[in-house]
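One structure is given here, and the rest of the page talks about it.
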Amino acid sequence: MNMKRWFAILGASILLGVSIFVNTLSSVFSTDWTALMDEFASVSSSNLFETTIEEGSLNERVVLLKVDGTIQDTGSASTLFGTQGYNHQLFLQQLEQAKMDESVKAIVLEVNSPGGGVVESAEIYKEIKEIQNDTSKPIYISMGSMAASGGYYISAPAEKIFVNKETMTGSIGVIMQSINYGKLAEEYGVEFVTIKSGPYKDIMSPTREMTEVERNMLQEMLNDSYEDFVDIIEEGRDMTEAEVKAVADGRILNGRQAIEAGLADDYGFLEDVVQAIKTDYNLEDAEVFEYGYSQNISSLFAMKAQSFLGVDMESKLIAKLIADNSAPSMMYLYGNK
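Start counting at 1 in the sequence shown, then tack on 10, and there's your number in the numbering used here.
Below you can see the structure in the form of structure tokens.
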């Protein structure tokens, strides 16, 4: 082991020692143990904090929530490079908090997403419906540059949907994709050996052609999810099945087309949507706030330790890409995101 690596390990050890020392001192000199335990339980269960956007009444508040990025449960709020992206579990936590907080009287959801996983989209939809059914809190949607496929799926149950003229939305449907490199492998003399317990265990394998029976099986699955999507729009937008399916063929729509098709209500940027929900529900004096995310000390230390110890970030990125694309799945997704 070279000298640089020894110094890196020493630096990481010092950081860990300082952290333990500070925590120990805090414990020793703390006198209000009940308050300390309550605070610890609160921090452990939630990384949310609130940021005020507009001052107003604390008894009547409007919360801004955001879905920004592909709707997938990646299990982390940060990418390998430390930038915060869409965190599915955190967003569900925000919805639950908005539901339980009696001071929250209305919700504005800003959607800027090409869609994502079928399951994740359904989870968000379920939470939104529970908020509406259990609390009657209104939800308005502010669509950004894109709110397509799964991005529209989660928007459909809202009381009102606002778009910009340049918003790309629609793309109603389901997609499942995989790569077949069997012929390329054959050209280079690569042979794949597969041992399976049943004839369909390797369905959608990238090493062989799909059979017609397999294609029909998968198509039936997609058709079921598609019909669920159509039903959700029918209910949320008060449209007939024929009206929905007239534009539910995967096509992408701009803001004007979405309004004309009945998929959206009006034009408006985020500030316009906030003002609209305040006016419509007599919340002119309401505070407007949003939830933030506080990264805990352990995750910050882990990032620093990786840096000190020279973890190969390029290798981690490659491994992540392989893992994310190891198996095909049904998606409410526009494009090749």
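All residues carry an ideal CB built from backbone N, CA and C; glycine is no exception. Remember, predicted model here, so these are calculated numbers, not experimental data.
Option in the options with minimal Cα separation from residue i
i	options	result
L74	L100, L68, I141 and I151	I151
R218	F202, N292 and S123	F202
K211	E224, G199 and G246	E224
V173	E64, A158, Q187 and I81	A158
V118	I149, V129 and T145	I149
N69	E60, V254, K115 and E222	K115
K147	Y342, N292, S181 and L343	N292
K76	P167, K136, G154 and I141	G154
G278	N226, K170 and D111	K170
E120	S235, V72, M186 and F59	V72
N97	E106, I189, I182 and G85	G85
T61	G302, Y135 and K206	G302
M214	M227, S188 and A108	S188
D111	T145, G127 and D275	T145
F59	V257, L100, E65 and Y162	L100
M186	Q229, E140 and T250	Q229
M249	P167, V128, M156 and Q142	P167
M341	E253, S123 and G66	S123
I141	G126, V129, A108 and I164	A108
K139	E222, M156 and L102	L102
G246	L273, M227 and V128	L273
Where residue i sits in the DSSP three-state scheme
i	result
L100	helix
L273	coil
I205	coil
G5	Residue coverage of the chain in this structure runs from 11 to 347, which leaves residue 5 outside it and unanswerable.
A296	strand
M341	strand
S235	helix
I134	helix
R71	strand
I242	helix
V129	helix
K175	coil
Paired residues, beta bridge with residue i - DSSP
i	result
S123	A157
D78	N122
K170	Y150
A252	Its beta-bridge partners do not exist; DSSP assigns none.
I185	M341
G180	A158 and I262
F59	G302
A116	V72
E64	V298
Residue i, buried or exposed, once every other Cβ within 10 Å from all chains shown has been counted against 16
i	result
Y198	exposed
R261	exposed
S131	buried
I205	exposed
A258	buried
K136	exposed
S181	buried
A256	exposed
Original post:
Is there contact here, the stretch 285-301 with the stretch 188-196, by at least three beta-carbon pairs under 8 Å?
Top reply: Counting C-beta pairs closer than 8 Å gives fewer than three between the stretch 285-301 and the stretch 188-196, which falls short of the contact rule.
Original post:
Can at least three beta-carbon pairs, one atom from the stretch 229-240 and one from the stretch 76-87, be found at a separation below 8 Å?
Top reply: Verdict: no, contact absent.
**OP:** Decide if the stretch 258-268 is in contact with the stretch 174-182; the criterion is three or more beta carbon pairs, one per stretch, under 8 Å apart.
**Re:** Proximity of the stretch 258-268 to the stretch 174-182 meets the contact definition, three or more beta-carbon pairs being nearer than 8 Å.
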